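Number 555 marks the last residue of the sequence shown (the numbering used here); no jumps.
Think of the CB as a built atom: it goes at the ideal place given N, C-alpha and C, for glycine as much as any other residue.
Keep in mind that this is a model prediction, so the values were computed, not measured.
Working notes, beginning with the structure itself.
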Amino acid sequence: MTRIRIILFFLFLVIFFPKNSFGQDTAQYKLKKNFKQEIIIKNQRFRIYNNWYSGGGGLAWNSAIPNAQTVIAVNMNFHIHQYYFRLGGMISGDNFGLWNNYQVHAGWIPFRRETEKYNLAMLAALSYCTGYRYIANNVYDNMHPYAETGGYAEIQWIKKIQYSVGIGGAFFVNVDAKNTIIGLRADIYLSDSYKGYVRGKEPVKLQ
Numbered sequence: 349m350t351r352i353r354i355i356l357f358f359l360f361l362v363i364f365f366p367k368n369s370f371g372q373d374t375a376q377y378k379l380k381k382n383f384k385q386e387i388i389i390k391n392q393r394f395r396i397y398n399n400w401y402s403g404g405g406g407l408a409w410n411s412a413i414p415n416a417q418t419v420i421a422v423n424m425n426f427h428i429h430q431y432y433f434r435l436g437g438m439i440s441g442d443n444f445g446l447w448n449n450y451q452v453h454a455g456w457i458p459f460r461r462e463t464e465k466y467n468l469a470m471l472a473a474l475s476y477c478t479g480y481r482y483i484a485n486n487v488y489d490n491m492h493p494y495a496e497t498g499g500y501a502e503i504q505w506i507k508k509i510q511y512s513v514g515i516g517g518a519f520f521v522n523v524d525a526k527n528t529i530i531g532l533r534a535d536i537y538l539s540d541s542y543k544g545y546v547r548g549k550e551p552v553k554l555q
């Protein structure tokens, strides 16, 4: 039944973002997109299709553990043409340094919206988790670690400090046969969109 719930979870995500799903292109002709297209902000060039890196920490609830969990995550978000993908990882535990769950995930970002002020992205991914069964407060079965595949989803919202730098938060959920982990995280955002100044518009260097 748990496997069925995971499958239904991902079917829901695909249905929820129909306009961003892959579909058959029935047009006889279509314009070729420029995936190196740039915008100019204050004489500085920024790539529209760009990769970004994010990482941070927060708190989570684990269905198999009564205590709130500390969470740390690092993610690499990249694109192939106009499609965005994620490789990421997360660790969680009762306290910082006392980790009981380790997770990696890889998936598709069906929705991303980036402006000068914010970056919003939604993710659906497959995950792989390994960890230790809870016995009592701060006591785990370290002799028999478990390993499970599951599903991971996330909504990330970033407030821009500069076009390629920002801070924000993420809501995430991971579901597998051993547990469900739901949490909130504060994230730092760095993108590789910056490409330098427009030629001839560079700041004047004082001698």
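> Taking buried to mean at least 16 other C-beta atoms within 10 Å of its own C-beta, is A408 buried or exposed?
Replying inline: Result: buried.
> CB C477 to CB N448, shorter than 8 angstroms?
Replying inline: With contacts defined as CB atoms closer than 8 angstroms, C477 and N448 fail to qualify as a contacting pair.
>> For N485 and N415, what's the separation of their Cα atoms in angstroms?
In response: Cα-Cα distance, rounded: 8 angstroms.
> Where are the beta strand (DSSP E) runs, 3 residues long or more, that stay fully inside the stretch 396 to 464, in chain order?
Replying inline: Qualifying beta strand (DSSP E) stretches, in chain order: 400 to 410, 417 to 428, 431 to 443, 446 to 462.
> beta strand (DSSP E) containing V487: first to last residue?
Replying inline: Start and end: 487 to 510.
> Alpha carbon to alpha carbon, what distance is there between M438 and E550?
Replying inline: Taking the Cα positions, E550 is about 40 angstroms away from M438.
>> I'd like the span of the beta strand (DSSP E) that includes N522, first residue to last.
In response: 513 to 524 is the span of the beta strand (DSSP E), which, as asked, contains N522.
>> With three or more beta-carbon pairs closer than 8 angstroms as the criterion, would you say the stretch 396 to 412 touches the stretch 523 to 532?
In response: Contact between the stretch 396 to 412 and the stretch 523 to 532 is present, because at least three Cβ pairs lie under 8 angstroms.
>> If I measure Cβ to Cβ from T374 and keep anything under 8 angstroms in the same chain, skipping five residues before and after, which residues do I get?
In response: Since pLDDT at T374 reaches only 47, below the 50 mark, its modelled position is unreliable, and the value read off the structure follows with that caveat. Here T374 has no same chain residue with a Cβ atom under 8 angstroms from its own Cβ, once five neighbours each way along the sequence are excluded.
> With DSSP run on the structure shown, which of helix, strand or coil describes K541?
Replying inline: The sequence shown places Ser at residue 541, not Lys. Coil at S541, not helix or strand.
>> Please state the DSSP three-state secondary structure of Q385.
In response: Three-state result, Q385: coil.
> So who's on the other strand from G531, going by DSSP bridges?
Replying inline: Looking at the DSSP output, G531 shares a beta bridge with A408, F520.
> My guess is that R393 and V546 are in contact by the Cβ rule of under 8 angstroms, so how many angstroms apart are they, rounded?
Replying inline: With a Cβ gap of about 6 angstroms, R393 and V546 count as contacting.
>> Just verifying my parser: in three-state terms, what is the DSSP assignment at N467?
In response: Strand at N467.
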